[in-house]
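K.L.:
With this note's numbering as the guide, the letters of the sequence shown map in order to residues 191 to 492.
The structure that follows is given in the form of C-alpha cells.
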Amino acid sequence: MDIILETNNLCKKYGELKALDNINMHINRGEIYGLIGQNGAGKTTLIRIIAGMQYPTSGSFKLYGADYGTKAMDKARRRLGGIVETPALQQSLSARDNLKAQSILCGCPSSKISDELLDYVGLSGVSNRCVRDMSLGMRQRLAIAVALVGNPDFLILDEPTNGLDPRGIIEIRELIIKLNREKRITVLISSHILSELSKLATFYGFIDNGRAVQEISAAELHDKCKKKHVLFVNDAIALSAVFDTAGLNYKIRENNTVDVFGDVTADALFDVARSAGIKITDLRCEEEDLESYYMNLIGGRK
C-alpha cells in the first residue's frame, strides 16, 4: 500500500511550549484517517505544517515520497487540498465566483470546473447566492468544493463539521465518503465529534499533549471494542476467585462492579455466580465506542 504522508519525529515549539513532540504517523493511500485529540493536543499545528502554513522546529516528513524542505515537496503539495480552521471564502462573492477565483489562483480558470464542483457538492441550485447569505452547512460544502479545485487526491479537513446542525453533519459526512469512494481521494480529518468520526474513518491516529499515542485501523478498533457484560454483585472479590477458576476474562471496578469480556452468555454468568453463592443484582450488556475507547486510552496514560 502506498504511503501518502509519513512523519518522522516531527516537533514544533513555541518558546518552551512543545506543541508537537516527536510525532510519528503515516497515512496510506485511500484511507479516511481520523485524527483525534482534545483542544490543544496539537492537531491543527500538525495539519498546518503538512499544508505548508507553518514550519516544524525539528524532525521531518514526506508527502508522496517527497522530503520536507525540497523542491519536490512544493510539487507534492499541489496534490493537496484542504480546509484548515476557518474556510477561506469571500463573503461578498457568489458560490460560483468563489470557485472561479480559486481556479484562477490554481492556474486552471474554467466555468465548467466551477459548475461541475458545485453540482458534485450539492450546491448547483444556489450557485449565484452570496456566501454571506448561505447557511453554515452550505459554506462548509462550498469550502470543500474550493479545496477540490486543481483536482487534489489528498484532502485535509480540520473540524469540517464544527458548529453544524445534525442535518449539516450528515451532509458533510456523506460528501466525504463520496469523495473517498468515487474520486479515490485520501482524507485526513480531525474532529471533536467522535461518534460522527466513527461512521466514516477507516484508520485512526490518537494524539495527546503533542505526542502520538496510537495508530489503529477501524477493523482493529472494532475488535478491541467488542461487547462486554457489566455485572453488579454483592461480593466482587469472591466472584473473581470463581471467574479465575472458570478462566473468564474480567475486570473489577469500584462498587462491586465487574466487567466480563469474551464470548460468554448472561445465563452462564448467572450459573457461575449462583454456584458460588454470589448474588448478581443487575447485569447489562455494553459495547465500547470510539469515545469511551479514546477516554480510556488517554486516561490510562495519565
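Virtual Cβ for every residue (Gly too), placed ideally from N, Cα, C.
None of these values were measured; they are calculated from a predicted model.
If we ignore side chains and look at the alpha-carbon of each, how far apart do R363 and V316 end up?
P.N.:
Looking at the two C-alpha atoms, the distance is approximately 20 Å.
K.L.:
In three-state DSSP terms, what is V339?
P.N.:
Looking at V339 - three-state DSSP - the assignment turns out to be coil, as it is neither helix nor strand.
K.L.:
Going by DSSP in three states, Q228 sits in which element: helix, strand or coil?
P.N.:
In the structure shown, Q228 sits in coil (DSSP, three-state: anything other than H, G, I, E or B).
K.L.:
Please report the distance separating the alpha-carbon of K203 from that of T247.
P.N.:
Near 6 Å, if we compare the C-alpha coordinates of T247 and K203.
K.L.:
Are three or more beta carbon pairs between the stretch 443-452 and the stretch 392-412 nearer than 8 Å?
P.N.:
As far as the Cβ criterion goes, the stretch 443-452 does not touch the stretch 392-412, which means the pair count is below three.
K.L.:
Would you mind sorting L438 into buried or exposed? The rule is 16 or more other CB atoms within 10 Å of its CB.
P.N.:
Buried, because 16 or more other Cβ atoms sit within 10 Å of the Cβ of L438.
K.L.:
Of the choices C201, I226 and I334, whose alpha-carbon is the least far from that of F393?
P.N.:
When only C-alpha atoms are compared, the closest one is I226.
K.L.:
Check each candidate in T351, R268 and K373 and name the one with the smallest Cα separation from I383.
P.N.:
Looking at the Cα atoms, T351 is the closest of the given residues.
K.L.:
Just how far apart, CA to CA, sit G242 and I379?
P.N.:
If you take the alpha carbons of G242 and I379, they lie about 17 Å apart.
K.L.:
On the DSSP bridge list, what partners appear for T376?
P.N.:
BP columns for T376 point to F344.
K.L.:
Quick check: S381 and E349, are their CB atoms within less than 9 Å of each other?
P.N.:
Result yes, Cβ atoms of S381 and E349 sit closer than 9 Å.
K.L.:
Just to check my reading of the structure: I237 and L200 have Cβ atoms closer than 8 Å, yes? What is that Cβ distance to the nearest angstrom?
P.N.:
Not a contact, Cβ separation roughly 12 Å.
K.L.:
Excluding five sequence neighbours on each side, which residues of the same chain lie with their C-beta closer than 8 Å to the C-beta of I213?
P.N.:
Hits under 8 Å: T197, N199, L200, C201, G232, L236, G249, I397, G400, R401 and A402.
K.L.:
Buried or exposed: K492, going by 16 or more other Cβ atoms within 10 Å of its Cβ?
P.N.:
For K492, the predicted model reports a pLDDT of 47, less than 50, meaning its position is unreliable; a value from the coordinates is still stated below. The residue in question, K492, is exposed, as its Cβ has fewer than 16 Cβ neighbours within 10 Å.
K.L.:
Please classify I334: is it buried, with 16 or more other beta-carbons within 10 angstroms of its beta-carbon, or exposed?
P.N.:
So I334 counts as buried.
K.L.:
Rounded to whole angstroms, what's the CA-CA distance from G490 to Y483? Just pull it up for me.
P.N.:
Note that G490 scores a pLDDT of 49, beneath 50, so its modelled location is shaky; the value from the coordinates is reported in the next line. Cα to Cα, G490 sits roughly 10 Å from Y483.
K.L.:
Nearest to I217 by alpha carbon, out of I488, R464, G395 and A256?
P.N.:
Taking only the C-alpha atoms, the option nearest I217 is G395.
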